[in-house]
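Below: the structure, in structure tokens.
There are 6 protein chains.
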Amino acid sequence: MKIVTLGELMLRLKSPGLERFFQSPSFEATFGGGEANVAVSLANYGMDAKFVTALPDNAIAQAAERELRGLGVDISGIKHTEGRMGIYYLESGTNQRPSKVVYDRSYSSIALATPETFDFKEIFIDAQWFHITGITPALSQSAADLTLAAVKAAKEMGVTVSMDLNFRKNLWKYGKKASEVMCEVVKFVDVVIANEEDCQKSLGIECGSEVESGELDTAKYETLAKTVLATYPNVSKIAITLRESKSATHNDWSACIYDGEEFYVSKKYEIKNILDRVGGGDSFGGGLIYGLLNYDNQRDALEFAVAASCLKHSISGDYNRVTADEVKSLMGGDGSGRVQR
Amino acid sequence: MKIVTLGELMLRLKSPGLERFFQSPSFEATFGGGEANVAVSLANYGMDAKFVTALPDNAIAQAAERELRGLGVDISGIKHTEGRMGIYYLESGTNQRPSKVVYDRSYSSIALATPETFDFKEIFIDAQWFHITGITPALSQSAADLTLAAVKAAKEMGVTVSMDLNFRKNLWKYGKKASEVMCEVVKFVDVVIANEEDCQKSLGIECGSEVESGELDTAKYETLAKTVLATYPNVSKIAITLRESKSATHNDWSACIYDGEEFYVSKKYEIKNILDRVGGGDSFGGGLIYGLLNYDNQRDALEFAVAASCLKHSISGDYNRVTADEVKSLMGGDGSGRVQR
Amino acid sequence: MKIVTLGELMLRLKSPGLERFFQSPSFEATFGGGEANVAVSLANYGMDAKFVTALPDNAIAQAAERELRGLGVDISGIKHTEGRMGIYYLESGTNQRPSKVVYDRSYSSIALATPETFDFKEIFIDAQWFHITGITPALSQSAADLTLAAVKAAKEMGVTVSMDLNFRKNLWKYGKKASEVMCEVVKFVDVVIANEEDCQKSLGIECGSEVESGELDTAKYETLAKTVLATYPNVSKIAITLRESKSATHNDWSACIYDGEEFYVSKKYEIKNILDRVGGGDSFGGGLIYGLLNYDNQRDALEFAVAASCLKHSISGDYNRVTADEVKSLMGGDGSGRVQR
Amino acid sequence: MKIVTLGELMLRLKSPGLERFFQSPSFEATFGGGEANVAVSLANYGMDAKFVTALPDNAIAQAAERELRGLGVDISGIKHTEGRMGIYYLESGTNQRPSKVVYDRSYSSIALATPETFDFKEIFIDAQWFHITGITPALSQSAADLTLAAVKAAKEMGVTVSMDLNFRKNLWKYGKKASEVMCEVVKFVDVVIANEEDCQKSLGIECGSEVESGELDTAKYETLAKTVLATYPNVSKIAITLRESKSATHNDWSACIYDGEEFYVSKKYEIKNILDRVGGGDSFGGGLIYGLLNYDNQRDALEFAVAASCLKHSISGDYNRVTADEVKSLMGGDGSGRVQR
Amino acid sequence: MKIVTLGELMLRLKSPGLERFFQSPSFEATFGGGEANVAVSLANYGMDAKFVTALPDNAIAQAAERELRGLGVDISGIKHTEGRMGIYYLESGTNQRPSKVVYDRSYSSIALATPETFDFKEIFIDAQWFHITGITPALSQSAADLTLAAVKAAKEMGVTVSMDLNFRKNLWKYGKKASEVMCEVVKFVDVVIANEEDCQKSLGIECGSEVESGELDTAKYETLAKTVLATYPNVSKIAITLRESKSATHNDWSACIYDGEEFYVSKKYEIKNILDRVGGGDSFGGGLIYGLLNYDNQRDALEFAVAASCLKHSISGDYNRVTADEVKSLMGGDGSGRVQR
Amino acid sequence: MKIVTLGELMLRLKSPGLERFFQSPSFEATFGGGEANVAVSLANYGMDAKFVTALPDNAIAQAAERELRGLGVDISGIKHTEGRMGIYYLESGTNQRPSKVVYDRSYSSIALATPETFDFKEIFIDAQWFHITGITPALSQSAADLTLAAVKAAKEMGVTVSMDLNFRKNLWKYGKKASEVMCEVVKFVDVVIANEEDCQKSLGIECGSEVESGELDTAKYETLAKTVLATYPNVSKIAITLRESKSATHNDWSACIYDGEEFYVSKKYEIKNILDRVGGGDSFGGGLIYGLLNYDNQRDALEFAVAASCLKHSISGDYNRVTADEVKSLMGGDGSGRVQR
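Chains as they are written, first to last, in my numbering: chain A, 76 to 416; chain R, 76 to 416; chain Y, 76 to 416; chain G, 76 to 416; chain V, 76 to 416; chain D, 76 to 416.
Below, the structure is given as structure tokens:
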């Protein structure tokens, strides 16, 4: 089963450990980006994952590609074009001090890409699933056009489309509001992944829960899920992640799913010593796609996704470096953390 | 508004991460000291902070000065004199294992300094505030003389004086008890900063709370605060930090303030994954001075100080590397630690 | 008082910090092994500890010996023989992600050793105590023979014998079940150290407590302890460690002891930010031997052992780098983690 | 004596040690850029150096500014504007393997800056010297305009202007050839700094020496120098650096100067274990400005510059972290490298 | 053009920088082995390289495989079998202090492998070239059998066979002398790669040059080459590397080749600051295979191989991380090491 | 054969790699000191070496002692007294940039020690050799008294005394000139170790060679040696190290010896990539003592010493971490640096 994801691959420059920027003159340097993260998750679970993007042809981008290939992701669809490799700087928070991201993504190759950059007919050959996020259309008008062209092409070729709404308020600077673009794109999406803020900011659909307070009322999320499916009849499923953020180090983590019939809320995991939150949502997306393709019911699919993304909080870097067996072990109830000898 | 602080600037040699000394053959090497820490906090908040000390004229001390200047502190008042640069070795604890400090401060330039080392008339020109701690008078008789001369000169020039009592039992080795010296110095102080042990050991004023037990009875602190102001009528305000130490990694942190009229107890922060406790009290002092100079009421000033020092527990190194905006964000209630993108 | 321990000394290769294997191209490289860990604990407490093993004569093993000698352990009984130095690879877990150990111990010098490799008459001269674990007999038939020969020799020479049952299911690959071997060895043991799984898998004695659930019923452990002493009349004492594993980072830790008369359960420590669990059981063993030799009652001995091993969870590496004074401070109630200046 | 420099300040991301990119997942992260490097040199020699640039207002640029301030450079003229902070990636070569630079400077704040971004009247108040390089006009048309406006303003205010021609073939991508722009700018320059390739590519003036061969014929450089002064009568002095590159690790280093009267060739230094070549030319520029301002003859000025830049090859990072005394010691003949205790 | 290599892939544990073992408690941890090194070189040059070996199925071996795949090597022929992953410990020398290797390769999966472990018919489908070394037959009788079976199968399928004789005196411990085995294997080899010691110890063919003295007499090597081709008429070409070792840091490096008609000696490179010598011979082998497959004459092929392996001395780790363009640039004469911007 | 050395043991804080102080916020932290370095050399060669000093009783000094014990040095003679542990800060130079040492040794325990601190009768029991340096008497009057008392006691007990004159101009600050003290101490010395500057500054005996020029005239050293033995008839042997310092990275290294009869000049080693020069002289001293005790002629003894100290230049840290076999291999002519597999 071949799954295609398309989006930006960035250089991630993180200050060492829990230091603020430049307490030491060095960066931990890895790579990541929402859609690549999903592809890596799927490859880790043994799926045939292909990641498509545009990158400049330089030594830094080559290193990023080499790592993806090593992790088992098909990189044959990556185009080398004009533009930069996007960067994000990261400072990991702890306790009451939040993590901080500084974006340097302007003029990236993917932001400069257009629908013509890629040959979707070729990309989607033999593909069963296509995954994108709301980040790419936030980058530029041409990237928004590209996103829309991609989902349309996928639908035409009978490929299931999932989208993580992923609202980022500090992107969306080219003159359009998120909802203007996203409400159109989502018409070609089968499976929506979101959190509450995403629904509100990307689709203009609200619920009453207060995100900042930490305590969540799952009933409201059921209403939200139903509203989304009512508004977009093409959407067959929506999964909503439920993060209760007590501090930068301590979150509760769960999710719910609705398929038009059953509203199911997952087990909740208490994560008290978060190592790296970034990529947590993407690991949920990767887990959910795996789950929906490998289980015959949405409950197990959701539990796989939640367990997978729970583990991600204990993995440094954007990529969720866990196997399907490790996810299933936690999903099966073993969160005791006993040494595996 | 110019604020002057005077005290020792030390080399801080910390074993890497959470290692005990010399598990690895290296030290994290930074700089700090109570009064310099306060100056850095103030500079970070955009205040005009000047740090005065005596240091040897060597490459290590020059590096310390360079960093302070980079952080925006005025170092023009630093004197280069005989003596060493003081050092403290630090091993960070966690859980039930406490952090451990080994002092190597004997014969430092500041310990050898005398009232004549500095020209206070020049130092206090245009100054509005002067801050010292109980550490300097603990170093040597001449440093105690220097401290007394400094606060007297400040008062003569109409400068507000704050003092963090900061009792350190392993200093005070030159033949005087802390209370002998401090009771005299405090007569020239407007704002006292202390914890319970400080009041007892430095001023001989007790309350009944058991510091070791972790649970604090704030009522007793009101009595303590009132006793201090009654004993020292020159003191217009006292702020007392309330640390409930559940483990080396887990503290509750709050404070109270008394101005002769209102006794106010701050919000309490639960800090479960302490990164670096050292300098926590100093960051409170820096925050309090900023607060008293920038808010029109002691409640906000105290809340700023407590939020600032709460954040310090998540910053490595002596200096509290946070901005006033970051403090205000926490003070305003956002301790959820959500990623700032 | 001379205490002898005998077992394998391994190279421990750990991925940096909390990384998964090869996220960075480096290993933290230290040494350890159950019986060496016990010897180091005892040397740290000021006891005369001798560690006996077989190692190849190469630069890596020499480094391991040099470190032990530096830590005050008598290494004069180490033999240089054919075979490799065993290795274990370690990945530290956190939260719901467990630590992972990959063994590379096959064909180690100690696995190839036989009863003839060592001269027990010489080794036990002046010895008061001999400590082994259930790991050595799991390595090979010859190592099992060696273990049995060692305990017999010790008993003949009037040396007290302690054994940590230490069941490891991924060793025991040479054709015998653990219980076949251990039930014979334990007949020459005075003090048994175990956890529930050890008793079940090594001695075939069960209790009903569910190890995975985290919550423990100490009553069941009393029954277990009594059964062991009833089954092996030569055993005068059994100590059982009680680990409640809530996550890889958060364990509750206590123990109980039974001497045929009194069943005593220790204070329980909540450890919320575990730094390194590996060697935790060994640090208990080292603490217990110290306690039984230095206190006149088993309660204090057990409390010393539990406090010592509580601290181990905050020390990186196999060896428990704490002094007897540090253990006694915690044992005496000071777990507040206040900075020791 | 106040010296102003203007140009780009970049983040420098270097692979660790002598590794190729991403052999390890980290970068050594420092800052630099030709004109900032000159300012730092001058501040290190005790001069009043001011660095002017445009930078975005983010945490990374702030760290760069903080470091400059710490090094004693006046940063009050830095403007915070739209655009990115430029980056260059660096891989250090050795032996036959050359160092490799990957630029990511497009759309930087300084490339987007225009003559109106800065108030030159204010910038040059009290200034005696102004230094620029041929890098800024290579970035964009607006940066070229800015450069021309700057040198004109300086000349109008009676400020001496020096320019390091600094030809970089991989910049100059906005449609103009270097010589088109540089031939105009150099009409407002008093002191030209160059190597042979610079003269050829920036000014269209050639000599016959073969740069690649390593062996240099200084006679040809005399002709070159005379041609430049003949072509540009406003230029009163030209200094040419003479690098004989035997390998990435082994260079011979000298320079010559011509003031219209005397052609002087400096002492030659053999540097066999180059630590970091990048910034070598800038350290020559900084040394030359210091020399011309502090010696009464061009010979000493040149020898200071050559000794300063010789030392730079043994300093990591863009900035030449040496004092004037250290330069004078080498200039005075002590290159023996004996330990200074 | 598909090239297959077969041999051992090891974990390489190197002490940091130029430290002796365990001056710091860490290892630089990478992977390598003669035949894998050749495969990586070929993949770097854009060839279709396949590496075949046997490895255990554990997390360490998986990381090794992941890296190879990332580097573009086809790993589909790797078998997961019983046995360990071999290790070699490395300490890098400098000046008069030689590098030191400690092997821990016993009982590795490849040492335990037999001719039946692999299906050569499948492995050699579409293959044009097969490369092995004299290391594998040194490991064990079964590995020697495997080597012989492999070259026979290759010859039967019309695949060109190259072999690097690679004599290692501390392997060859299973009871056979190198020459007993190698003289048989070499009967199925087309291209022999060797140094003088290899010929002597592996094939029993001597020349008179003194390897230790550093100065080489190439005439003797012509005789040696001719003798080998006379002795083994199946061998069509022999290439001999000529290392003049002046110190651990300073070698001269060249090679010669003989094809039965022309004896050609390459350019000589002086390498004065060797970064990593290990894998130098393998990088020659990889370069030679590329050269013979891509140039129409043995002179260019040899010059490519020598330039490629010259560069390897400036690359850390076993793998020669250079492109064909980089090799050609040096081969074309540019060894000046000027910064590539 | 028991050899005793007495002197200061310091913490050595070195900036990482070749960085200047505080380019990174860390120090490489090891231990060393002239006399301890000699003891470690001797222990490495298998001799029974005892190191005597005074140290404070804190965690840093304990780590230093632990390392010495691990290296096989007898530390039972170390006294714990008042005072600090001395420190030296080190910055490693390269090329024309010299290494730089900043001392922080004032008020160290050994500087405060007196003849009464140690019981020489006990220290010298069974001792055959006693080694000191000219550093200890430079520290303070009491340390000078101690030194004199020590050599007198040694002579009384029939112990051979060696002294490395080791002149350090930045010590000797307590009011006496080096020659005043040293001329007295040397009257109790059997074997003098020196370089030219030492003889001149410590004993007031000059020769005409110019140390700075690099080229040495050994004839002058013969005269110098003869003058020393003529002046001090008690001295039976003098060894003079001959360092030709071409740069911080490139030295030629040899030595000469004179025993009243034969003047012998050793082989000369060219060291082009010095890793760490500090401790080079001490490694010569350690090698010479070993040589004189283990060879029957001064030529071999000297060659051993020179080879040993040649190797030290390729070892980081104060201690010369080489075995006698490694020294003998170089002494026997193998300086080719070929990999030892």
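Just so you know, even glycine gets a beta-carbon here, dropped at the ideal spot from N, CA and C.
Here the structure is a predicted model, which is why all the values come from computation and not from measurement.
Residue i versus the options, residue with shortest Cα-Cα distance
| i | options | result |
| --- | --- | --- |
| L223(A) | L81(A), V397(A) and L367(A) | L81(A) |
| D292(V) | A330(V), V353(V) and S217(V) | A330(V) |
| V234(R) | D409(R), M76(R) and Y394(R) | M76(R) |
Helix, strand or coil at residue i according to DSSP, with G and I counted as helix
| i | result |
| --- | --- |
| T105(R) | strand |
| T208(G) | strand |
| E166(Y) | strand |
| F338(D) | strand |
| M160(A) | coil |
| R87(Y) | strand |
Delimiting residues of the alpha helix (DSSP H) encompassing residue i
| i | result |
| --- | --- |
| E81(Y) | The sequence given here has Leu at residue 81(Y), not Glu. Careful: L81(Y) lies outside any alpha helix (DSSP H), inside the beta strand (DSSP E) at K77 to L81. |
| A330(V) | Unbroken run through A330(V) is the beta strand (DSSP E), N326 to Y333; no alpha helix (DSSP H). |
| E319(R) | That residue, E319(R), is in no alpha helix (DSSP H); its beta strand (DSSP E) goes K312 to S320. |
| D400(Y) | A399 to M406 |
| A323(G) | Run containing A323(G): none; DSSP gives neither H nor E here. |
Chain-ordered chain V contacts of residue i [CB-CB under 7 Å]
| i | result |
| --- | --- |
| Q203(R) | In chain order: nothing, as chain V lies at least about 50 Å away. |
Contacts that residue i makes with chain Y (C-beta to C-beta distance below 9 Å)
| i | result |
| --- | --- |
| P100(G) | Q98, S99 and P100 |
Residues that residue i contacts on chain D, provided the C-beta gap is smaller than 8 Å
| i | result |
| --- | --- |
| E94(V) | S391 |
Partner residues on chain Y for residue i, Cβ-Cβ distance less than 8 Å
| i | result |
| --- | --- |
| S151(R) | What S151(R) touches in chain Y: nothing, since even the nearest Cβ is about 31 Å away. |
Cβ of residue i within 8 Å of any chain G Cβ
| i | result |
| --- | --- |
| N119(V) | no |
Cβ of residue i within 8 Å of any chain Y Cβ
| i | result |
| --- | --- |
| R159(V) | yes |
First through last residue of the beta strand (DSSP E) which encompasses residue i
| i | result |
| --- | --- |
| A269(R) | V266 to A269 |
| F126(Y) | D123 to V127 |
Chain A within 8 Å of residue i, Cβ atoms only
| i | result |
| --- | --- |
| L317(V) | no |
Interface flag, residue i vs chain R, CB-CB below 8 Å
| i | result |
| --- | --- |
| R396(Y) | yes |
Chain G residues whose Cβ lies nearer than 8 Å to that of residue i
| i | result |
| --- | --- |
| H388(V) | N170 |
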